[in-house]
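The block underneath contains the structure these notes are about, expressed in structure tokens.
In full-length UniProt numbering, the protein residues as written are 1 to 227.
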């Protein structure tokens with residue numbers, strides 16, 4: 001407390017509450033909880049886990065049409081078989097099918113439907129609806145049938161029998177080769193070109209030789225006749 005008659009010093013303004021305010025600690029900032037991140041390996045559910053949808057199979061005027069949207073391949077082929085009377089064998093696995101096939105020739109549509117499925121396709125016969133009467137499927141790269149395997153030893157055995165058979169000898173006496181008659185040389189024929197005169201002379205010589213041969217044969221026949 002100041003004495004009476006005294007005044008505060010110039011420039012000094014006491015604030016009793018300033019020190020108390022400065023001595024209070026600051027409140028801590030609220031802690032933010034980080035949001036939980038979604039797992040990076042999350043994937044969409046597989047279509048195979050979803051129920052398959054029936055396909056639309058139509059056979060009209062000999063044309064086959066198939067509309068599939070996540071449809072079962074086995075179910076589609078069963079629909080084809082029940083609608084046309086086709087017998088289908090060898091289907092061993094199922095898969096989902098999407099797309100529109102046809103309308104078109106049934107053989108072409110079925111081939112397109114099974115493209116990439118890993119099957120060998122054999123179709124034969126024809127039903128009244130224009131469909132193949134028989135469709136046989138087999139996995140590509142499969143081992144050959146036992147019937148095909150059994151045919152190879154028979155072929156090899158036949159080849160071995162042919163190798164062991166001794167060659168047949170021909171008893172017909174062989175005739176010695178006849179020497180070729182010497183070619184007649186005429187002047188001017190060295191270069192391979194004959195003149196008409198040379199050809200005429202050769203023709204006359206041939207006729208003379210034939211006449212001499214005929215005369216000799218006639219003379220021999222006359223000599224051989226009994227006296």
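Here a beta-carbon is modelled for each residue, glycine too, at the ideal position from N, C-alpha and C.
CB of residue i within 9 angstroms of CB of residue j, strictly
i	j	result
residue 119	residue 90	yes
residue 71	residue 97	yes
residue 117	residue 73	yes
residue 102	residue 131	no
residue 54	residue 81	no
residue 83	residue 109	no
residue 88	residue 135	yes
Beta-bridge pairing of residue i - partner residues as DSSP gives them
i	result
residue 136	89, 122
residue 57	66
residue 98	69
Exposure label - residue i; buried when at least 16 CB within 10 Å
i	result
residue 190	Its pLDDT being 49, under 50, residue 190 is placed unreliably in this model, and the coordinates cannot settle the point.
residue 141	exposed
residue 203	exposed
residue 79	buried
residue 228	Residue 228 lies beyond the range of the chain shown here (1 to 227); nothing can be said about it.
residue 68	buried
residue 196	exposed
residue 205	exposed
Residue span of the alpha helix (DSSP H) that contains residue i, given as start and end
i	result
residue 113	106-113
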